[in-house]
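Single-structure report; data block below.
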Amino acid sequence: MVEGKRDFQKLSRYGINNVIVLQGKKYYDVVEYILNNFDVCIILFDIDKHGEKMAQKFSHMLSSEGVNVNNIYREYLKILNIEEIENLP
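Here my numbering is used: the first residue of the sequence shown is 1180, the next is one more, and so on.
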C-alpha cells in the first residue's frame, strides 16, 4: 500500500504488482478491500511525519483484523535515507 500515484508508478517500474494506492480513497474502503483480498499487507508510506502517522494507523486497523502487516521495507528506506517511494533509484 502506497500513498500516491507516483509511488505506484515507481513500484510498477520494478515489476511490483498488487499495489493499493490510498490517494483519493476513504480509509474504511481501503481497509475493507484489503481484508477481503489479502492476508498480508506491506505498507510503504513516505518516511515523514504524515507517512509515519498513517502507517501506524493502518498497521493497527489491519493487524487488529488479523492481517499480517509488514513494515520492514519502511525500516529499510529509513536506513537508506529515502524519504519518498517515488524517489527510489
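For every residue, glycine included, the Cβ atom is placed at its ideal position computed from N, Cα and C.
Item                                                                                                                                                                                           : Value
Below 9 Å between beta carbons: does that hold for CYS1220 and ASN1260?                                                                                                                        : no
Whole angstroms is fine: what's the gap from ASP1225's alpha carbon to ILE1213's?                                                                                                              : 20 Å
Around the C-beta of GLU1182, are 16 or more other C-beta atoms found within 10 angstroms, so that it is buried, or is it exposed?                                                             : buried
Nearest CA to the CA of LYS1204: which residue from LYS1184, GLU1263 and SER1243?                                                                                                              : LYS1184
Please go through the same chain and pick out, in chain order, the residues whose beta-carbon is closer than 8 Å to the beta-carbon of GLU1231, but skip the five residues on each side of it. : PHE1224
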